[in-house]
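Going by the UniProt record's numbering, the sequence shown runs without a break in its numbering and finishes at 83.
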Amino acid sequence: MQDSGRGYSNAEVVVKLGGWDPNYSKAVAQAVLSALKRLILADKDLPGKKSLYIRLGCRGDWPDIKPPGWDPSTSLDASSPRS
Numbered sequence: 001m002q003d004s005g006r007g008y009s010n011a012e013v014v015v016k017l018g019g020w021d022p023n024y025s026k027a028v029a030q031a032v033l034s035a036l037k038r039l040i041l042a043d044k045d046l047p048g049k050k051s052l053y054i055r056l057g058c059r060g061d062w063p064d065i066k067p068p069g070w071d072p073s074t075s076l077d078a079s080s081p082r083s
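Encoded structure:
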């Protein structure tokens, strides 16, 4: 499992709430949905790439998805992210 800083380093969207306030949380949720819509409209291939990444097992190779069978623990590429 990745630590939180490293796990989010390649994320397109990260949302953190410090507590639960129904009004504030609703406003945040609406802003997040709006931002996600803009993100998807800007890169129409993003949902498909994310789907492939998830189907391959979230191996830590985002956004440069490696071929099926790629194993980060045996990779010789030192620049590749590690889980």
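Using N, Cα and C, we set each Cβ at its ideal position, and we do this for glycine too.
Put simply, of W70, P63, G69 and L33 the residue whose alpha carbon is nearest the alpha carbon of K49 is P63. DSSP places N23 inside the alpha helix (DSSP H), whose first and last residues are P22 to A42.
Just measuring C-alpha positions, the residue of K37, I40 and P72 sitting nearest C58 is P72. Within the model, the alpha-carbon separation for L36 versus K66 is close to 25 Å. Spanning the alpha carbons of A42 and W20 requires a straight line of approximately 31 Å. For I54, the enclosing alpha helix (DSSP H) stretches over residues L46 to R55.
Assigned with DSSP and collapsed to three states, S73 falls in helix.
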